[in-house]
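Asks: Just so we're aligned, residue 17 is where the sequence shown starts under our numbering, counting upward by one. Submitted below is the structure of interest, expressed as structure tokens.
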Amino acid sequence: MAATKQLMDYGVDEAVDLFVLLKAADVRTAKNGKQYIALVFEDQSGEISGKYWDASPDDIENYVAGKVVHLQGKRENYQTHPQIKILHLRLTHPGELSDPNAFIEQAPMSRAEMEEYITQTIFEITQPTWNRLVRKLISEYADKFYTYPAAKSNHHAFQGGLAFHTISILKLAHSVVKQYPDLDAPLLFAGAILHDLGKTIELSGPKSTVYTLAGNLVGHIVLIDGELVRACDTLKLDPQAEDVLLLRHMILSHHGLLEYGSPVRPALKEADVLHQLDELDASIMMLDTVVEHTEPGEFSERVFAMDGRRFYRPSTTTPQPPTAE
């Protein structure tokens, strides 16, 4: 039996006919004064945008983020970006698949696997203050940490993406520490685990993800620093002690540049390494996604988060060595 075709399996100019989740539905006004809905369709293969023109009040009420719909249309490209030309759209009928969770992309690791990796790494944080703070905050935010995406879009924007992104950085950090043993491994690991934990407050969750009020007004970097200071108060630790300040600096500087949202630039070796590993993992994830959906021998759509560059997918691939048994 052939596998069911998913959203990202359709080629340019191919007719689209499937059930999808509305990840986003923003009502806008066209130049002619009529309202339309800027939609983002999603299933476990990825997401594509489309515009529902001349939307009626009923359409605006029905087609909202989080709803499952039946979509008929055509896959097109607009200025190198994939989109769906909508020919027909409707809500699901009774008996049809309507559970939004069935359409949300999942992390490639199970929650149990991710929890095991994080737990084992926390054992490697041998500095007592950092260990206590990491344990407390991860324990408090565990349900969100292991289910939330790492972003609304761009990289690791799937269920469990936040923990998976964190683990990817930790795996890189383990390799870097082996290459450069003078690095403070416990500090690097502690900073890596906590660096994006504020996204559990900044984002609304894995389904139809949006920024919360706190996310828009404050941002995840400052939010988690505030939570770390609060944890210090609970644990009777001094937030101005040097060891705590080192960990706070790891978090506050991990975006690298002030214009990218960091209140301070990295001033520790470990902080600069964390910033670079964070950039590396996010960039590779974005490239994997865009290149995977590009035909061999063609250039990808422009990647806004990477200076609007397009990336080439070679028509020939290098054979991979066999995996050791």
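Backbone N, C-alpha and C fix where the C-beta goes; we use that ideal spot for every residue, glycine too.
With 16 as the cutoff for other CB atoms within 10 Å, does Ile237 come out buried or exposed?
Replies: buried
Asks: Between Gly221, Thr333, Arg106, Ser191, which lies nearest to Asp9 when the distance is taken from Cα to Cα?
Replies: Past the edges of the chain, shown from 17 to 341, lies residue 9, and the structure says nothing about it.
Asks: Please give the ranges of any alpha helix (DSSP H) in the region 200 to 277, keeping only runs that are unbroken, at least 4 residues long and fully inside the region.
Replies: 201 to 210, 215 to 218, 229 to 233, 236 to 250, 258 to 268
Asks: Identify whether Asp33 lies in helix, strand or coil by the three-state DSSP scheme.
Replies: Asp33: strand per DSSP, three-state reduction.
Asks: When DSSP builds the beta bridges, which residues end up paired with Glu58?
Replies: According to DSSP, which records beta bridges pairwise, Glu58 is partnered with Leu37, Glu63.
Asks: What three-state label does DSSP hand Asn93 in the structure shown?
Replies: Of the three classes helix, strand and coil, the one that applies to Asn93 here is strand, per DSSP.
Asks: Assuming Val80 contacts Val36 under a Cβ cut-off of 8 angstroms, what Cβ separation, rounded to an integer in Å, is found between them?
Replies: Not confirmed; about 14 angstroms, so no contact.
Asks: Using DSSP's beta-bridge definition, name the partner residues of His86.
Replies: His86 pairs with Phe35, Arg106.
Asks: Using only CA atoms, which one of Glu243, Met24, His265 lies nearest to Leu415?
Replies: Outside the displayed span of the chain (17 to 341) sits residue 415, for which this structure offers no information.
Asks: Which word fits Trp69, buried or exposed, when buried means at least 16 other C-beta atoms lie within 10 angstroms of its C-beta?
Replies: Trp69 should be labelled exposed.
Asks: Go through its chain and collect everything with a Cβ distance to Gly313's Cβ below 8 angstroms, but skip five positions before and after it.
Replies: Arg329, Pro330, Ser331
Asks: Give the secondary structure of Phe327 by DSSP, where H, G and I count as helix, E and B as strand, and everything else as coil.
Replies: Looking at Phe327 - three-state DSSP - the assignment turns out to be coil, as it is neither helix nor strand.
Asks: Can you list, in chain order, the stretches of the beta strand (DSSP E) that have 3 or more residues and sit fully within the region 104 to 149?
Replies: Counting only runs that start and end inside the region 104 to 149, there is no beta strand (DSSP E) element of at least 3 residues.
Asks: Assign Thr216 to buried or exposed, taking buried as 16 or more other Cβ atoms, counted over all protein chains shown, within 10 Å of its Cβ.
Replies: Per the 10 Å Cβ criterion, buried.
Asks: I need the straight-line Cα distance from Ala201 to Pro255, nearest angstrom please.
Replies: C-alpha separation (whole angstroms): 21 angstroms.
Asks: When you compare each of Gln143, Ala166, Arg151, Gly176 to Ala247 by their alpha carbons, which one comes out closest?
Replies: Arg151
Asks: Using only CA atoms, which one of Arg91, Pro98, Ala40 lies nearest to Ile76?
Replies: Ala40
Asks: For Lys101, which three-state DSSP category applies?
Replies: Three-state DSSP puts Lys101 in a strand.
Asks: How would you call Ala283, buried or exposed, if buried means at least 16 neighbouring beta carbons within 10 angstroms?
Replies: exposed
Asks: Quick check on DSSP: helix, strand or coil for Phe320?
Replies: helix
Asks: Taking one C-beta from the region 202 to 211 and one from the region 261 to 278 each time, how about it: are there three or more such pairs within less than 8 angstroms?
Replies: With the cut-off at 8 angstroms, the region 202 to 211 and the region 261 to 278 touch.
Asks: Do the region 103 to 121 and the region 169 to 185 touch if we need at least three Cβ pairs shorter than 8 angstroms?
Replies: yes
Asks: Going by beta carbon distance, what residues of the same chain come within less than 6 angstroms of Glu104, once the five residues before and after it are set aside?
Replies: Inspection of the sequence shows that residue 104 is occupied by His rather than by Glu. Cβ neighbours of His104 beyond the five flanking positions: Gln88.
Asks: Following the continuous alpha helix (DSSP H) through Phe174, name the residue where it begins and the one where it ends.
Replies: It is not in any alpha helix (DSSP H) - Phe174 carries neither H nor E in the DSSP assignment.
Asks: Measure the Cβ-Cβ separation of Ile141 and Asp294 and say whether it is below 8 angstroms.
Replies: no
Asks: Alpha carbon to alpha carbon, how far is Val234 from Ala93? Give it in angstroms, no decimals.
Replies: Note that residue 93 is Asn in the sequence shown, not Ala. One C-alpha to the other measures close to 36 angstroms.
Asks: Gln136: which of Pro165, Ile183, Leu113, Tyr162 sits nearest, CA to CA?
Replies: Ile183
Asks: Alpha carbon to alpha carbon, what distance is there between Glu30 and Phe161?
Replies: 38 angstroms
Asks: CB-CB under 6 angstroms to Arg326, same chain, minus the five flanking residues each way: which ones, in chain order?
Replies: Phe315, Ser316, Arg318
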